[in-house]
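Please read the structure below before turning to the comments.
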Amino acid sequence: MSEEHKSTTPKKPVSTLALADVPVGQKIWADVIIPAGDLHRPAGRLSTTMDKIFKNKAVRKMMIVLQNNGDHLICVYTSTFGSSMTLPDMIVEPKHWYPITPATGSFDPLPVGTEDSSDPQWVCLSTVFKLTQDPVPVLTTQYPLATVKLISAAAGLTKK
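For the sequence shown, this note's numbering gives the first residue as 6, with consecutive numbering after it.
So this is what it looks like as structure tokens:
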């Protein structure tokens with residue numbers, strides 16, 4: 006059974022920025038289609054988000070910007086899995102998830118970003134998204150370049 010943690014994640018963007026002005030390491034909101042192959046379909050009734058994932062519909066996720074190419078962002082999404090400290094059993098491949106402190110997983114946990122919540126979180130490494138939405142809804146959280154480099158290398162975007 007996974008340990009739970011009280012959520013402090015902001016649910017709404019603090020502001021918006023023009024796409025070209027979004028810094029690398031910024032945490033943003035985006036509507037993306039999550040590959041259902043990352044998850045085992047749970048038995049019983051699905052949450053609204055899980056239902057959308059398994060129907061190949063877009064869901065709103067918090068993302069970390071790994072690159073800003075001026076006309077598009079390269080991002081990965083994060084998930085809290087209901088504030089669980091460990092990955093749930095529905096995860097197909099645990100090594101595709103990079104934990105953010107205080108979460109634990111297959112990698113040493115990444116430090117939290119500036120003004121980040123204390124929620125355990127994971128970065129999904131199996132899918133990298135190209136986003137063109139402009140303007141971009143941004144949160145107050147910013148990750149340092151060293152963290153972005155670790156995530157980028159683990160996601161196969163750069164060498165370690």
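Every residue gets a Cβ at the ideal spot worked out from N, C-alpha and C, and that includes glycine.
Terminal residues of the alpha helix (DSSP H) in which residue i lies
i: Thr54; result: Thr53 to Phe59
Which of helix, strand or coil DSSP assigns to residue i
i: Thr5; result: The question about residue 5 has no answer, for the chain in this structure spans 6 to 165.
i: Ile156; result: helix
i: Ala48; result: coil
i: Leu22; result: strand
i: Leu150; result: helix
i: Glu8; result: Per-residue confidence for Glu8 stands at a pLDDT of 39, beneath the threshold of 50, marking its modelled position as unreliable; no derived number is given.
Residue i versus residue j - alpha carbon distance
i: Val133; j: Thr85; result: 18 Å
i: Val64; j: Ile38; result: 6 Å
i: Pro15; j: Pro104; result: Note that Pro15 has pLDDT 47, beneath the 50 cutoff, so the model's placement of it is unreliable and no number is given.
i: Leu92; j: Lys32; result: 21 Å
i: Trp34; j: Leu22; result: 12 Å
i: Lys60; j: Asp94; result: 20 Å
i: Gly49; j: Leu162; result: 37 Å
i: Trp127; j: Ile69; result: 11 Å
i: Thr152; j: Pro116; result: 8 Å
Extent of the continuous beta strand (DSSP E) to which residue i belongs
i: Ile33; result: Gln31 to Val37
Buried or exposed by the 16-neighbour rule on C-beta atoms within 10 Å, applied to residue i
i: Leu150; result: exposed
i: Val19; result: exposed
i: Pro99; result: exposed
i: Asn74; result: exposed
i: Pro97; result: Looking at the sequence itself, residue 97 is Val, so the reference to Pro does not match. Answer is exposed; the Cβ neighbour count stays below 16.
i: Met67; result: buried
i: Gly110; result: buried
i: His45; result: exposed
i: Pro40; result: exposed
i: Pro28; result: exposed
| request: Give, in chain order, every unbroken run of the beta strand (DSSP E) that is at least 3 residues long and sits entirely within the stretch 67–139. | output: Complete beta strand (DSSP E) runs here, min 3: 78–84, 102–105, 126–129 and 134–136.
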